[in-house]
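First up is the structure itself, then whatever we jot down about it.
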Amino acid sequence: MEALGLLASILLILGGIRWGGLARWLLTLLLGIPLLGASLYPCITNPESCQLPLIGQNVPEPSPSPTPPPVSPSPSPAPSPAPSPVPSPAPSPAPSPIPSPTPPPVSPSPSPAPSPAPSP
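FYI, the numbering used here numbers position 116 of the sequence shown as 136, with every residue one higher than the one before it.
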């Protein structure tokens, strides 16, 4: 968890310095330095519990065990048969396209009957 806070504070400080103006740079320092301090506080107060290898600190390498762990002679289990290949399911046919609903036919509106021409 401390490593995540340390990374976030470093990125915050460097990002503010690189891409910000003076106001953003100052705001970044005001936010980033306390975050950096909070992420390093457990290492400062109790160095034995610190999980982060600090710069210049030698990280001890794990020493190899002088004797390998004893192997208990146990009967080897019977070899399991090779799993049979699972047949792949047949590809399903492509779904037929859903026909779009056709609008009902529009009935022509009855036109008024032509009035007979007045005879002279």
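C-beta atoms are modelled at their ideal positions from N, C-alpha and C, and glycine is treated no differently.
Note that the structure is a prediction, hence the values are computed from the model and not measured.
Inset, instruction - Measure the CB-CB distance between L26 and S59 and report whether it falls below 8 Å. - result: The sequence position of residue 26 within the sequence shown is 6, counting from 1. The sequence position of residue 59 within the sequence shown is 39, counting from 1. The Cβ atoms of L26 and S59 sit closer than 8 Å to each other.
Inset, instruction - Output the distance between the C-alpha atoms of I30 and E68, rounded to the nearest integer angstrom. - result: Along the sequence shown, one-based indexing puts residue 30 at 10. Along the sequence shown, one-based indexing puts residue 68 at 48. Across the structure, I30 and E68 are spaced so that their CA atoms are roughly 23 Å apart.
Legend entry - Sequence-distant residues of the same chain with beta carbon closer than 6 Å to L216, five excluded per side: Residue 216 is absent from the model: the chain starts at 21 and stops at 140.
Inset, instruction - Whole angstroms is fine: what's the gap from Y61's alpha carbon to L46's? - result: Position 41 of the sequence shown, counting from 1, holds the residue named residue 61. Position 26 of the sequence shown, counting from 1, holds the residue named residue 46. Using only the alpha carbons, I get a separation of about 22 Å.
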